[in-house]
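Chains as they are written, first to last, in my numbering: chain A, 485 to 641; chain B, 485 to 641; chain S, 485 to 641; chain Y, 485 to 641.
Here's what the structure looks like:
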C-alpha cells in the first residue's frame, strides 16, 4: 500500500534558537486556551501538540466536544507548529483553515497535533489531526489543512 | 456591479413548526457556548446569529478573539441555521467547514451569522460571516463555508 | 430575512487603468481554458465571469461536468476578479480554494463568477459561484471560497 | 519527530471484488480526463494515482499546470480511492474538496494521489497529494482534503 509522502515530515531547521520558549510564552498569552482548559503537550521543530480533557464545559448539544473547540485546539497546534520555524522578530497569523469532523470527540483526552508540510518565507502550510484517547484506544476525530502567514517585524508583545 | 446570486437567500420553508424552540433548547445544551460567553442573538428559517463580547478570556496571543473561538460561534450559527429547516426527529452534525480570517477580531461585539445556501435531505450547505462591531462601525472578520449532515431519526436528547 | 453583508460587494477602486486588458491578455495565455473550451464572459473591478458549454469532453463518469473542470473555471474567475484590483507590475497566484458541489452541472451553459470579498496588499479573499443555465432556469451548482496572493514585482510575461 | 497517524493508511477491506475493474471502467467514461491527457496510474484498496504530462494545453498564464487541472486530477484520484471501497451497486460523488497549492506545477510528470482516511457508510474522507517529478526530483505541489458521498443503489451506467 503506497504511503503519503507527507507521512514522514522532513527534519526542519529552526531560524531562531529560542523557538520553544517563544511558543510556550505565546501559548500562555492565549486566554482562550486557558478558558477551554487546553494545555501545551509537546513542541518540536515543525510540530506542536495541544491536549484537552473532554467535559460538559466544552461540549456541544450531544455531550461530545464542540467542533469549534476542536477547531480552536488544532488551529493553535498548527499555528505553533509553524511558529517554531519562524524568525525571532515575527509572529504567526492563521490565514484560513479547513476542518473535517470524522467521529464524535469524547473520551479521556483529546490531542490536537499540527505538522508543518511546507514552511515558506511568507506562508506556511500545515496539516492537523485530532485524536480522542479512551481506555488505551485512539480514534481520529478531526483532520485539518491550514495556511499560516509569517508576520515579519511584528514579534509578540 | 454584478451581485452574487446567494446574496438574496430564498424564503425557506420549515419542516417542523417548533424549529425556533428546538434551536433554543439545543443551543442551551451547548456547554461550550456558555463557557465562551456566546449568546443566541437571532434565529429565522435558514438563518441564525450568535454574538460574543471580545475579552481576554477568548483571546489569542495578541489580544484579538482567537480564530478557534470565531470558528466555534460561526460553526454553531451555521449549524443552527440549517437545523431550523430539519425535520422534527433529526439532529444536526457538522461534516466540515472552512474558515478564512480577514481582519483582527476586536471591538464591542462579534456577530456570527449562518445562511443556508442549499438545504437537502441528507446534506445542507451553509455560508457564514462574522462581523466585529465597534463604535458604530462593522468589519467583516471571517468568512465560512460549511457542510452539515441531517441525522434523521436521531433527535436531540 | 437577514441578508449576508457580502451580498452587495463594495465599489472597488482599481490600482491600474489597464486592468481589463491585463485580465484579457492573461486569460488568453491560459492554455487550460482553451482546452476546456472556457470563455471570458465578463470582467469588472473585483468581478469576473467565465462560461463553459457542458459537453462529453469535460464530463465525469455520469455525463455531468467534472468537479475539477468546475474548479478550473471558478478558480480562474476568482483569480481574475482579484487581478482586476492588483497593481500593474504584479501577477496573481491561487494560494488555496475550497469548493462545494451542490447539484449536477449540466444544461446549456455554465457560468463561473468570482467576487472579491476583501482585497489586500498581499492576500485577496474571493467568493465564487457556478450556475448552470438550462431553458431559462438557473441552478447554483458550486460554491467556492479562495485565497489569492499578490505577486508584487512579477508581472505576467 | 512525531509522525501523523494518517501516515500509515490502514489495510482497507473492499466490499466488492470487482473494485479495480469498476474504477477503470468509470475512469474511462470521464471525458474530462481524456481531454486533459490524464491517465490512471495505479489503483489499490483505498488508494488511486492519476498522472499527467505538463504541457501548454493544461497551463495557466505563467506556463505551469493550471490549479484547476491539478484540482481535476486530484479530485478524480481521491474519488476513485474512495470508490474502491464502495459496494457494487453504488457510485461516488464529490461533496467538496479543499486544495492548497504549494509550488509551481511543472516538470516531466505530475502524479496525483488519493488516500482514504476514513471510509463510512454515507461519507468517505480522503486526503490527496500532487507531486511534480523532474529529473529524478519529486516536489509536493498540492495538498487536498476531500469529502465523498456514497450513492447507494445508483451504480454507474
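Quick reminder that beta carbons are idealized off the backbone N, C-alpha and C, glycines included.
Identify every run of the beta strand (DSSP E) within the stretch 527-581 of chain A, keeping only runs that are complete inside it and at least 3 residues long; order them along the chain. 531-536
What did DSSP end up calling residue 515(Y) once you bin it into helix, strand or coil? helix
Closest by CA to residue 570(A), which one among 558(A), 600(A), 495(A) and 500(A)? 500(A)
DSSP three-state call for residue 616(A): helix, strand or coil? strand
Just to confirm the assignment, what range does the beta strand (DSSP E) spanning residue 630(A) have? 621-636
Taking DSSP's pairing of strands, which residues face residue 593(S) in a bridge? 617(S)
Around the C-beta of residue 615(A), are 16 or more other C-beta atoms found within 10 angstroms, so that it is buried, or is it exposed? buried
CA nearest to the CA of residue 503(A), picked from 590(A), 607(A), 588(A) and 563(A): 563(A)
Backbone CA spacing between residue 518(S) and residue 521(Y) [nearest angstrom]: 14 Å
Spatial neighbours of residue 594(S) within its chain, please: CB distance less than 8 Å, with the 5 preceding and 5 following residues excluded, ordered by chain position. 535, 536, 537, 538, 549, 554, 557, 614, 615, 616, 617 and 625
Sub-8 Å separation of residue 532(S) and residue 507(S) beta-carbons: yes
Tell me which residues share the same chain as residue 633(A) and place their Cβ nearer than 7 Å to its Cβ, disregarding the 5 neighbours each side in the sequence. 577, 579, 606 and 607
Starting from the C-beta of residue 619(B), find all residues in its chain whose C-beta is less than 7 Å away, skip the five residues before and the five after it, and write them out in chain order. none
Kindly identify the DSSP beta-bridge partner or partners of residue 524(B). 534(B)
Min CB distance residue 545(S) to chain Y below 8 Å: yes
Considering only C-alpha positions, which residue in the set 603(Y), 623(Y), 621(Y) and 628(Y) is nearest to residue 529(Y)? 603(Y)
Residue 612(A) vs residue 591(A) beta-carbon contact at 8 Å: no
Residue 646(B) - DSSP class collapsed to helix/strand/coil: Given a span of 485 to 641 for chain B in the structure shown, any question on residue 646(B) remains unanswerable.
Buried or exposed for residue 512(A), going by 16 or more other Cβ atoms inside 10 Å? exposed
Would you grab the beta carbon distance between residue 551(A) and residue 585(A) for me? Rounded to a whole angstrom, and I think it's under 8 Å. 5 Å
Alpha carbons only, please: which of 630(S), 541(S) and 638(S) is nearest the one belonging to residue 560(S)? 630(S)
Give a yes or no on whether the minimum CB-CB distance between residue 552(Y) and chain S is below 8 Å. yes
Name the residues in the stretch 555-584 of chain Y whose C-beta lies less than 8 Å from a C-beta of chain B; which are they? 579, 580 and 582
What residues of chain Y sit near residue 519(S), judged by a beta carbon separation below 8 Å? 519, 520, 541 and 542
Would you list the residues sitting across from residue 607(Y) in a DSSP beta bridge? 633(Y)
Buried or exposed: where does residue 544(S) fall if 16 or more other Cβ atoms within 10 Å of its Cβ makes it buried? buried
Give the interface partners of residue 631(B) over in chain Y, defined as CB-CB distance under 8 Å, in chain order. 579, 580 and 631
Using a Cβ cut-off of 8 Å (strictly closer), state whether residue 621(Y) contacts chain A. no
Just how far apart, CA to CA, sit residue 509(B) and residue 623(A)? 30 Å
Residue 597(S) versus chain B: which residues are under 8 Å apart at the beta carbon? 486 and 488
At a Cβ threshold of 8 Å, is residue 607(B) touching chain Y? yes
Using the C-alpha atoms, what's the distance from residue 541(A) back to residue 542(B)? 14 Å
Spell out whether any CB of chain B is found under 8 Å from the CB atom of residue 611(S). yes
Taking Cβ-Cβ distances shorter than 8 Å, what residues in chain B pair up with residue 640(A)? 545 and 546
Proximity winner among 601(B), 566(B), 486(B) and 596(B), relative to residue 495(S) (alpha-carbon distances): 486(B)
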